[in-house]
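Mapped onto mature numbering (1 follows the signal peptide of the UniProt record, and there is no 0), the consecutive letters of the sequence shown carry residue numbers -32 to -1, 1 to 294. Glycine is no exception: its CB is placed at the ideal position from the N, C-alpha and C atoms. Quantities reported herein were computed from a predicted structural model and do not represent experimental measurements. Data block below; observations after.
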Amino acid sequence: MRAKPRLTEDTLLKHFFLASLIAGAMALPALAADYTIIAPAGPGGGWDQTARSLQTVLQDEKISGSVQVVNVPGAGGTIGLAQFASQNSGNPNALIVGGYVMVGAILTNQSPVTLNDVTPIARLTGEYEAIVVPAASPIQTMDDLVTALKADPGAVSWAGGSAGGTDHITAGLIAKAAGVDPTKINYVAYSGGGEALAAILGNQVTAGISGYGEFEAQVKAGTLRLIAISSAERVDGIDAPTIKEGGLDVVVENWRMVAAAPGLSAEQVTAINADIEKAANSDAWKDILKTKGWQNTYLAGDAFKEQLGKDIAATESILKDIGLVK
């Protein structure tokens, strides 16, 4: 019978050291945080597209580990915002997208939860509003739409995002610029871009209004007619006149942002900012902006917080002007 090897003190120390290394490696945290991004709207809309684009870049560029997107639609994003703020305090792995639409919805819905209840990280993109009609519509131009609006504001129905959001504001500004009472417009609010698109394609409404990216595929396919864009000047790659060219002094740019949970430490906020900055500066993100027709409006830190305060004040003024907020 072979004798068992004798465990010397040196051998025992080596075994102990190896076991310690293994245990320590198992206890180490992941090098990159896994994020969950709340898209506070249904699938297909701008927030959903923004969240999933950010998900793709964070994963593909190895900035983070796996990233999950969860849709929580309703009330212009305020339902998702309230859920996010209440369930994720102190959680550095939770993010939410939002933007101009959410600012308006908070005001019109008198939401008890506001952007003061989360941690703004960065403004990511800007996108101009597009006015479309079904391809078979007798309305050929913005002039045709304005003529119909002047004749009977209630007979012209607009499909767009949540009440008080960018789409609703743009429709109100168009009415006001045309000399029509903005409170008389027939605006039909949908919680997601997919629902609004279905209503437009199904000829359930006169016109649709949303970010160009949400209509681009159907415009190129010929099922929707793009009659105007809300930029100050014509946009390269978008074959449409501006609303201003139609004689209406209306320029609107929707913007989208990402925010983190409340109750984070300065170190946690710095780490999240670093991840989002890496994503925003990546070639992959720039390719997405180009593909979707989004403007690069990246702004972070204190500069973004200051601009956000100005945007909230300006939005409240506009909503009062068109009768959506008293």
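For P88, the three-state DSSP class (helix, strand or coil): In the structure shown, the three-state DSSP call for P88 is strand.
Spatial neighbours of A19 in its chain, beta-carbon cut-off 6 Å, leaving aside the 5 residues before and after: By the criterion of a C-beta distance shorter than 6 Å, A19 is surrounded in its chain by I5, A7, V37 and V65, once the five residues flanking it on both sides are discounted.
Reference A50; option with closest CA among N249, F183, A281 and N84: If we check each option's Cα against that of A50, N84 comes out closest.
Coarse secondary structure for G67, derived from DSSP in three states: Note: G67 maps to strand in three-state DSSP.
Residue(s) in a DSSP beta bridge with G128: Paired residues: A157.
Nonlocal neighbours in the same chain, by C-beta distance under 8 Å from V220, ignoring five residues either side: The beta carbon of V220 lies closer than 8 Å to those of Y96, E97, T134, I137, T138, L141 and S198 in the same chain, with the five residues before and after it left out.
Beta-ladder partner(s) of Y3, from DSSP: According to DSSP, which records beta bridges pairwise, Y3 is partnered with V35.
I197: first and last residue of the uninterrupted beta strand (DSSP E) it sits in: I197 -> beta strand (DSSP E) spans L192 to I197.
Other residues of its chain near L257: CB distance less than 6 Å, five sequence neighbours each side excluded: When the five nearest sequence neighbours on each side are left out, the beta carbons in the same chain lying within less than 6 Å of the beta carbon of L257 are those of N264, in order along the chain.
Y180 versus D28: straight-line alpha-carbon distance, rounded: Our two residues, Y180 and D28, have alpha carbons roughly 26 Å apart in a direct line.
Cβ contact (3+ pairs, closer than 8 Å) linking the segment 74 to 90 and the segment 143 to 163: Output reads no: the segment 143 to 163 does not touch the segment 74 to 90.
Three-state secondary structure (DSSP) of T93: If DSSP states are grouped into helix, strand and coil, T93 belongs with the strands.
Residue span of the alpha helix (DSSP H) that contains W253, given as start and end: W253 -> alpha helix (DSSP H) spans D251 to K260.
7 Å CB neighbourhood of G291 in its chain, flanking five on each side removed: Hits under 7 Å: P150 and T151.
Distance CB(I195)-CB(A185) smaller than 8 Å: Cβ atoms of I195 and A185: not closer than 8 Å.
Reduced DSSP secondary structure (H/G/I, E/B, other) of E29: Collapsing the DSSP output to three states places E29 in coil.
Closest residue to S57 among T283, A248, L232 and A247 (Cα-Cα distance): Of the candidates T283, A248, L232 and A247, the one whose C-alpha sits nearest the C-alpha of S57 is L232.
P11 and G176 closer than 8 Å at C-beta: Note that the C-beta distance between P11 and G176 is not below 8 Å.
Completely contained beta strand (DSSP E) runs for the segment 198 to 235, where each covers 3 or more residues: Complete beta strand (DSSP E) runs here, min 3: 221 to 228.
S250 to A123 span [Cα, whole Å]: S250 and A123 have their C-alpha atoms some 47 Å from each other.
Cβ shell of A116 (< 8 Å), same chain only, five flanking positions each side left out: Correct list, in chain order: I107, A123, V124 and T174.
Helix, strand or coil at Q263 [DSSP, three-state]: In the displayed model, Q263 falls within a strand according to three-state DSSP.
Own chain partners of Y3 with C-beta closer than 6 Å, once the 5 adjacent residues on each side are dropped: Taken in chain order, the residues that qualify are S32, V35, N61 and L63.
Neighbour-count burial assignment, A189, 16 or more Cβ in a 10 Å radius: It counts as exposed.
Per-residue DSSP class, three states only, for A43: It is helical.
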